[in-house]
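Novice: This is the structure I want to talk about, given as structure tokens.
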């Protein structure tokens, strides 16, 4: 389908990239790895890892006739998903394909300012990809901790009217009115400081540190830093899917993935992979002043791919 669409509609230059899907991952960000509660390999990422499982031995349910299985706890950062944020609707930069979606400019991304108020505004579409890297590489496919699903484009906001309209989104998610007021937003200062230091404050789930508010759950961000704003839009995509019970957390229940309608931010980290790859992952909300420089070149930029890592603790046997 993607091939047919790409042949029928000329792809824009910003959608074509000289890289392979396997090049998205920064393998150093998979660390730290722990086995039986003992860290065997550290990480160069300045991100604080919080594991919810401390016991070296684990017990999980199993199908009959075993009923239970006993194993060792294993923890690592899994590069299982990635998110695109694009200025050009229908552009899939990770695949080098433009689906040719035209909307008279209604779906196109923007980066503008309002002179009368001095406020800034950035918007983009987002695409959420299932990325089972171990299966794609033919590695660890028989390991219980490896995801066995196939590669897939799981969500595209071009077809979601809620992503385009803040007011419409507030009807479905009325809590955005509560968390959008100045009092609750003032609490986000603490999250901004903590996430820049290396650990997002998950109890402040409505905050995204220096990136702004997690609400409304749309593609509109009030920020003048274009690269950081796109990272915020990618994080909003993750939270939006979590609110819809469409993603699950692999660092809560060692026996399986658990849906989390209120996301646990510190179980995720991410980095830019396209157009310029970052070689260190960052917690959600870390100030773009520390990492966004030169990540959006004047030629071939404005359409991003963000590699998403989730902390995974599982029971291996």
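Numbering (my numbering), first residue to last: 1 to 317. Each residue gets a CB set at the ideal place from its N, CA and C atoms; glycine is no exception.
(1) Provide the residue span of the alpha helix (DSSP H) that contains residue 152, from first to last.
(2) Closer than 8 Å is the cut-off here; do at least three beta carbon pairs connect the stretch 83-102 with the stretch 162-181?
(3) How about the stretch 220-236 and the stretch 283-298: do they share at least three Cβ pairs that are nearer than 8 Å?
(4) Taking only runs that begin and end inside the stretch 194-282, name each unbroken alpha helix (DSSP H) of 4 or more residues, in chain order.
(5) Got a sec, what are the start and stop residues for the alpha helix (DSSP H) residue 163 sits in?
(6) Please classify residue 254: is it buried, with 16 or more other beta-carbons within 10 angstroms of its beta-carbon, or exposed?
(7) Let's see if you can read the secondary structure: which residues bound the alpha helix (DSSP H) around residue 148?
(8) Please give me, in chain order, every unbroken run of the alpha helix (DSSP H) with length at least 4 that falls completely inside the stretch 10-71.
(9) Can we say the stretch 38-55 touches the stretch 204-222, given the rule of at least three CB pairs closer than 8 Å?
(10) Which stretch, first to last residue, makes up the alpha helix (DSSP H) that contains residue 137?
(11) Relative to the C-alpha of residue 121, which residue among 280, 218 and 268 is closest?
(12) Find out if the Cβ-Cβ distance for the pair residue 24, residue 273 is shorter than 8 Å.
(13) Between which two residues does the beta strand (DSSP E) containing residue 122 stretch?
(14) Does the contact criterion of 3 or more C-beta pairs under 8 Å hold for the stretch 76-93 versus the stretch 294-309?
Specialist: On the basis of the coordinates in this document:
(1) Residue 152 -> not in any alpha helix (DSSP H); beta strand (DSSP E) instead, spanning 152-156.
(2) no
(3) yes
(4) 226-243
(5) 161-164
(6) buried
(7) Counting along the chain, residue 148 falls outside any alpha helix (DSSP H), and DSSP gives it neither H nor E.
(8) none
(9) no
(10) 133-137
(11) 218
(12) yes
(13) 119-123
(14) yes
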